[in-house]
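Here is the structure we will look at.
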Amino acid sequence: MKKIYDVVTVGAGPIGLFASFCAVDKKLTAAVVDALPYVGGQLTALYPQKFIFDVAGFPKVTASELVDQLFRQVTQHEVPVLVNFKVVEMVREPDGEYKLTAEDGRYVHAKYVLIAAGAGMISPRKLELEDSDQFIGKGFEYVVKNVEDYRDKRVLVIGGGDTALDWANFFTAMSPEVTLIHRSTKFVGFEGSLKRLQKTTCRIFTDTKILAIKGDKQVTGATVSNIKDGTVTELAVDRILGCIGFTPKLGFLKDHGFEIADGSIRADKFMRTSVENIYAIGDISNHPGRIKLISTGFGNVQIALNHIASLIHETSEDETLASLESKVDRPEL
Ligand SMILES: Cc1cc2nc3c(=O)[nH]c(=O)nc-3n(C[C@H](O)[C@H](O)[C@H](O)COP(=O)(O)OP(=O)(O)OC[C@H]3O[C@@H](n4cnc5c(N)ncnc54)[C@H](O)[C@@H]3O)c2cc1C
């Protein structure tokens with residue numbers, strides 16, 4: 002007989018992991034799938050060693066430590082965490098459940114689907130620079146794989162968003178010479194991060210773009226130019242980090258009748274999408290007042306699952322909360 006989970010979550014980023022834990026806490030059966038070979042979404046893929054300061058209960062935690070804790074939390078329960086499972090199709094079966102099929106043909110069935118797919122498939126936007134790819138792994142990266150590679154090095158960070166500002170701030174504490182270049186004078190990242198950076202030794206060049214990466218076996222420099230007056234400057238650098246955003250790739254989600262707004266899925270106050278029994282939580286969810294943060298995504302989880310639990314257990318939402326509070330058995334950690 003086919004196994005039908007109450008809830009299957011697409012995306013094992015922080016929000017999908019937490020959702021799968023909470024689903025079982027609410028007496029629902031759950032599974033979570035992710036296209037990547039690992040869990041943690043953006044935290045693992047983009048900034049594993051960066052500190053996070055704004056998740057409740059952790060004064061300071063690296064992204065990878067937070068993912069470890071979330072994974073530990075969800076695996077207290079018997080929740081299948083299926084990696085390398087890129088959902089390419091979601092079809093409603095005659096009995097009303099959804100069949101989610103992966104690229105390699107595996108599938109799972111769910112009464113309710115939580116879409117926690119973040120920005121979709123995570124793919125850093127690349128610099129429009131001929132031959133830049135040949136320097137990847139030789140001092141040029143789009144994703145910091147190991148912060149120690151940047152210690153005591155001359156670092157050039159490219160970009161004006163949160164990723165660029167966070168990394169530039171981070172590197173100033175471990176590297177003697179950090180430079181940030183950005184194509185505009187207007188930064189799109191958190192203002193506090195920019196102010197913090199302006200108090201450090203980091204050199205900040207605005208209205209500046211990169212023209213070429215220099216080096217042979219390793220990066221040795223970069224040619225940059227001022228967009229307004231054309232001045233060209235040669236920078237001697239050992240490491241270059243490109244942080245110019247991510248290309249959102251909604252992939253299969255584009256074709257399933259969801260209302261899409263600003264590259265994400267519109268959701269109502271219960272996190273319901275326009276498609277029956279499918280909810281959108283975390284970064285992918287576009288609802289009034291949304292903020293793309295881990296803590297707000299955790300909030301989405303509780304709202305969506307409380308609603309789903311009340312439908313499955315046929316209780317009011319208040320009853321669902323009250324009855325679950327007394328019934329949950331917590332295994333020893
Ligand atoms: C550099 C940087 C620093 C940040 N710092 C902070 C911070 O300090 N504090 C904070 O609160 N937030 C921070 N954020 C934002 C935070 O990372 C996001 O809000 C969070 O990752 C959203 O989690 P999520 O689970 O919704 O999505 P994601 O983390 O994006 O995870 C989504 C997952 O879904 C998977 N997926 C997508 N499509 C499919 C598919 N078709 N099939 C299967 N799986 C799929 C992806 O592979 C991915 O693993 C930062 C972001 C960046 C880029």
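Just so we're aligned, residue 2 is where the sequence shown starts under the working numbering, counting upward by one.
From the three backbone atoms N, C-alpha and C, an ideal C-beta is built for every residue, glycine too.
All values reported here derive from a predicted model rather than from experimental measurement.
Which whole-angstrom value is the C-beta distance of residue i and residue j, which I expect to be below 8 Å?
i, j, result
"L18", "V34", "12 Å between Cβ atoms; not a contact."
"K51", "A64", "6 Å"
"W168", "L236", "With a Cβ gap of about 17 Å, W168 and L236 do not count as contacting."
"R204", "T221", "Not a contact, Cβ separation roughly 18 Å."
"V84", "P38", "5 Å"
"Y6", "H110", "7 Å"
"I285", "I266", "6 Å"
"S194", "N170", "6 Å"
Does the Cβ-Cβ distance between residue i and residue j come in under 8 Å?
i, j, result
"V1", "G41", "Here the chain has residues from 2 to 334 only, and residue 1 is not among them."
"A310", "K27", "yes"
"G106", "G12", "no"
"H288", "M272", "yes"
"K218", "K139", "yes"
"D239", "K154", "yes"
"I292", "V225", "no"
"M122", "Y151", "no"
"S253", "E131", "According to the sequence as given, residue 253 is Phe; it is not Ser. No. Outside cutoff."
"G231", "V189", "no"
"V56", "F22", "no"
"L47", "V144", "yes"
"K112", "N278", "yes"
"I313", "L29", "yes"
For residue i, which residues from the same chain have a beta carbon less than 7 Å from its beta carbon, with the 5 sequence-adjacent residues on both sides left out?
i, result
"A20", "T10, L115, A117, I282, V302 and L306"
"P81", "A32"
"R126", "I245, G246, F247 and T248"
"V329", "Because the pLDDT of V329 is 47, which lies under 50, any placement of that residue in the model is unreliable, and the number read from its coordinates should be weighed accordingly. Same-chain partners within the cutoff: D26."
"F1", "The structure shown does not extend to residue 1, since the chain spans only 2 to 334, so no value can be given for it."
"T186", "T207 and D208"
"Q410", "Absent from the model: residue 410. The displayed extent of the chain is 2 to 334, so no value can be given."
Which first and last residues belong to the alpha helix (DSSP H) in which residue i is found?
i, result
"N301", "I295 to I313"
"L157", "That residue, L157, is in no alpha helix (DSSP H); its beta strand (DSSP E) goes R155 to I159."
Apart from the five residues on each side of it in sequence, which residues of its chain come closer than 6 Å, Cβ to Cβ, to residue i?
i, result
"T164", "C244"
"K87", "A36, A103 and E104"
"H78", "V25"
"K255", "none"
"F206", "I182"
"K4", "none"
"V62", "I53"
"V233", "S226"
"F172", "Y151, V156 and V179"
"E315", "none"
For residue i, I'd like the list of residues in its chain whose CB is within less than 8 Å of its CB, leaving aside the five on either flank, ordered along the chain.
i, result
"L128", "I159, I211, G243 and I245"
"S327", "Residue placement at S327 is poorly supported in this model, since its pLDDT is 48, which falls under 50; the coordinates still yield a value, given next. Closer than 8 Å at the Cβ level, and outside the excluded window around S327, lies no residue."
"F191", "D163 and L166"
"T45", "L37, Y39, A64, S65 and V68"
"E94", "K100 and H110"
"T297", "R291"
"P60", "F54"
"T274", "I116, F259, E260, I266, R267, A268, Y280 and A281"
For residue i, report the span of its beta strand (DSSP E) as first-last.
i, result
"I266", "S265 to R267"
"K196", "It is not in any beta strand (DSSP E) - K196 instead sits in the alpha helix (DSSP H) that spans E192 to Q199."
"T234", "V233 to A237"
"L128", "Premise fails: L128 is in no beta strand (DSSP E) and is neither H nor E."
"D7", "I5 to V11"
"T164", "It is not in any beta strand (DSSP E) - T164 instead sits in the alpha helix (DSSP H) that spans D163 to T173."
"G243", "R240 to G243"
"L181", "E178 to I182"
"I279", "I279 to A281"
Taking 8 Å as the CB-CB limit, is residue i close to chain B?
i, result
"M122", "The structure shown contains no chain B; it is built from a single protein chain."
Regarding residue i and ligand 2, is the C-beta to nearest heavy atom distance less than 7 Å?
i, result
"Y99", "In the structure on display, ligand 2 does not appear, and the ligands it does have are ligand 1."
Could you tell me which uninterrupted beta strand (DSSP E) segments, each at least 3 residues in length, are contained entirely in the segment 22 to 88, listed from first to last along the chain?
31 to 34
Report the start-end ranges of each beta strand (DSSP E) in the segment 97 to 121 that is 3 residues or longer and not cut off at the edges.
99 to 103 and 108 to 116
Could you name each continuous beta strand (DSSP E) segment of 3 residues or more that falls completely within the segment 206 to 234, going from the start of the chain to the end?
209 to 216 and 220 to 227
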